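What follows is one structure encoded as structure tokens, with my remarks underneath.
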Amino acid sequence: MSFLTKEENLKKILKITFIIYAALGLINALFFFNLELDGVGERWIVEFGNGGFLGSINPMTLIMSFAIIAIVLLFAKGVKFERIPGRKQSLVEMLFEYFWEIVEDTVPVKKYRKITFVISMSLFIYITLSNILGGIPGVDVIPLKDGLSVSLFTNPWYSPTSDLNVNLTYAILVLILSHALAINHKGIGGWLKSFIQPVPFLLPLNIISEIAKPISHSLRLFGNIMGGGILVLIISYMLKYFVIPVFLWGFFGWFVGFIQAFVFALLTIAYIGSVLE
Amino acid sequence: MDLSAMLEKLVNMEGGAIGWGLYYLGKLLGAGIAMGLGAIGPGVGQGFVGSHAMDSIARQPEMTGTITSRMLLAMAFAESTGLYSLVIALTMIFVLP
């Protein structure tokens, strides 16, 4: 039987973790520091066949994406929905309710609310998890001129959202989905008419604004995560990976990551809602 | 002329000191100017957002939670133009030939 309450236990665990981390960091900085600041912003790319755009893959992105999907599935399997909600169930219900209210406010057509909710919610969960993994120390693979360098627990995990391919895929998915819903709702004639809506003179501007949507949508997330990662890498190199990186990981990984995931999901809802009007 | 071909011609001329000097001058100066000028706009925008949020919190202290979350959201939007210049600066430093 434990005499400590849960909060005190957590505080104790956090203190012990921090002391262990500081001691390990001191040992690392004093004795084992021969890391070169090489390959910043580089990606591990495997080419096969002819190479080029279609013949190359980014293995870390694939591995981490599958890992995140597996984590989400395991968590979803562990939630039991009962009449008296447990801790996990009330967390999930709170999150879903918050998003459902936003969807109800934004999407004008009742028929399409469910699909908007599902898409935005799954994007939010995936992006939040992958951003948060970028704030936890783990395995990172960086290509050098001769082979790969695998860093264990000095850099955070590789987060899939720091790869522009992932973000651009989701942004284009949202664009195509929103226009498909608009065609379904208004018919092709009505959809084409919406491009010349105030006056026909504005047709090029409308087309450009539609094309600019996925670009700004994806580059916002990419710039935040990637820029934060490079900033943390350079500052922690200057301090020889002493105590400071913990706070930087906390800020850029958890805080910025959570806000950017929320912004991404909110913009998904807003884009779908704006096309359906 | 292609950018990399032009660079090769400059580098192969007279030991390459002028070529490499011009290359690094343009690359680093361009990245610095892009980041520095691009950070002005988001800074001003985020300052406006924060000041108005403080005003409304002072007027209605019971709305602090809602206002803070909306403020963070608006700040994330205001940040995005600065991030484009960050992306361009990083591209100049890391991706240029």
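Protein chains in written order, with our numbering: chain F, 1 to 277; chain C, 1001 to 1097.
The C-beta atom is built at its ideal place from N, Cα and C for all residues, glycine as well.
The model shown is predicted, which means the values in this text are computed figures rather than measured ones.
Within the same chain, Tyr-158, Pro-160, Asp-163, Asn-165, Val-166 come within 8 Å of F:Thr-61 by CB-CB distance, once the 5 residues on both sides are set aside.
Counting C-beta atoms within 10 angstroms of its own C-beta, C:Ser-1080 has 16 or more neighbours from the protein chains shown and is therefore classed as buried. Under the Cβ distance rule, C:Leu-1090 counts among the residues neighbouring chain F, one pair being separated by less than 8 Å. Interface annotation for the region 1013–1041 of chain C against chain F: empty, criterion Cβ-Cβ distance under 8 Å. Segment contact: the region 1055–1064 of chain C against the region 1008–1027 of chain C, fewer than three CB-CB distances shorter than 8 Å; contact not assigned.
Taking 8 Å as the Cβ-Cβ cut-off, the region 250–263 of chain F approaches chain C at Ile-259, Gln-260, Phe-262, Val-263, given in chain order. Contact between F:Ser-122 and F:Met-64 fails: their C-beta atoms lie close to 17 Å from each other, not under 8 Å. Pairing C:Gly-1015 with F:Leu-175, the inter-Cα distance amounts to about 52 Å. Rounded to whole angstroms, the Cβ separation of F:Trp-254 and F:Ile-132 is 6 Å, and the two are in contact under 8 Å. Here DSSP, grouped into helix, strand and coil, assigns F:Asp-105 to helix.
Look at F:Asp-140 here: in three-state DSSP terms it is strand.
Rounded to the nearest whole angstrom, the CA to CA distance from F:Ser-194 to F:Ile-207 is 11 Å. Setting aside the 5 residues that flank it on each side, F:Val-46 is surrounded in the same chain by Ile-57, Pro-59, each with a C-beta closer than 6 Å to its C-beta; the list follows chain order. Residue range 203–238 is occupied by the alpha helix (DSSP H) that includes F:Tyr-237.
As computed with DSSP, F:Leu-133 is found in no beta bridge at all.
For chain C, the residues of the region 199–220 of chain F that bring a beta carbon within less than 7 Å of one of its beta carbons are Ser-216, Leu-219, Arg-220, in chain order. Nearest to F:Leu-181 by C-alpha distance, out of F:Arg-113, F:Ala-70, F:Glu-82, is F:Arg-113. Against chain C, the CB of F:Asn-224 has a partner CB under 8 Å away; the residue lies at that interface.
In this structure, F:Gly-135 lies away from F:Pro-108, with their beta-carbon atoms at least 8 Å apart. In terms of beta-carbon proximity, C:Ser-1080 lines the interface with chain F, with at least one pair separated by less than 8 Å.
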